[in-house]
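Those letters in the sequence shown? Residues 86 to 225, by our numbering. In this text, a Cβ means the ideal position worked out from N, Cα and C, and glycines have one as well. Working notes for the structure below.
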Amino acid sequence: LFQLHCRAYLVIDHIIPDAAPTISSSPENIVDPVLWQRLDDIVRQWIYSTISNDLLNTIINPDDKAIDAWNRLKDFFQNNKSARALQLEAQFTNTKLEDFNGVKPYCTRLKVLADSLRNVGDKVSDNRMAFQLLKGLSED
86 LFQLHCRAYL VIDHIIPDAA PTISSSPENI VDPVLWQRLD DIVRQWIYST
136 ISNDLLNTII NPDDKAIDAW NRLKDFFQNN KSARALQLEA QFTNTKLEDF
186 NGVKPYCTRL KVLADSLRNV GDKVSDNRMA FQLLKGLSED
């Protein structure tokens, strides 16, 4: 969503240097370096204002450009990706109908977990989803 926001405001190149050049483009190519710095500060402020205080304290650096903050944030989540995948995998495998008020909340939870696993690079196949759905119905 954040990248979409940056594309909409034509500042995506402040966090992804290989993105198509925009009106703000890199500081070396910009006619108005003051404008470029202002836009970069705005993007950096967007990053800082959309994360938790704990995470902010982990990545903040007053001398950063937006891309530095973005990369530090990306690295933080990439480093936690495997641990998050293991946690989600355990939750997915241990989800059972008996823990829910009905079939719909049970199925919704499995879908949310499968989507979360996909987001960390661990796609759940349709066969596996069906197997887990049926497995969670049993009383064993």
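Taking a cut-off of 8 Å for Cβ pairs, the segment 149 to 168 and the segment 182 to 200 do not touch, as fewer than three such pairs fall below it. Taking a cut-off of 8 Å on C-beta distances, the segment 91 to 105 touches the segment 138 to 152, as three or more cross pairs fall below it. Counting the other Cβ atoms within 10 Å of the Cβ of A175 gives fewer than 16, which makes it exposed. Between L173 and L218 the beta-carbon gap is near 16 Å, outside 8 Å, which marks them as no contact.
Here A215 is exposed, its C-beta having fewer than 16 other C-beta atoms within 10 Å. F185 sits away from L198, with the two beta carbons spaced by 8 Å or more.
Within a 10 Å sphere around the beta-carbon of D117 sit fewer than 16 other beta-carbons, which makes this residue exposed. In this structure, the CA atom of L182 is about 10 Å from the CA atom of L195. Bounds of the alpha helix (DSSP H) holding E174 are K166 to N179. Look at F216 here: in three-state DSSP terms it is helix.
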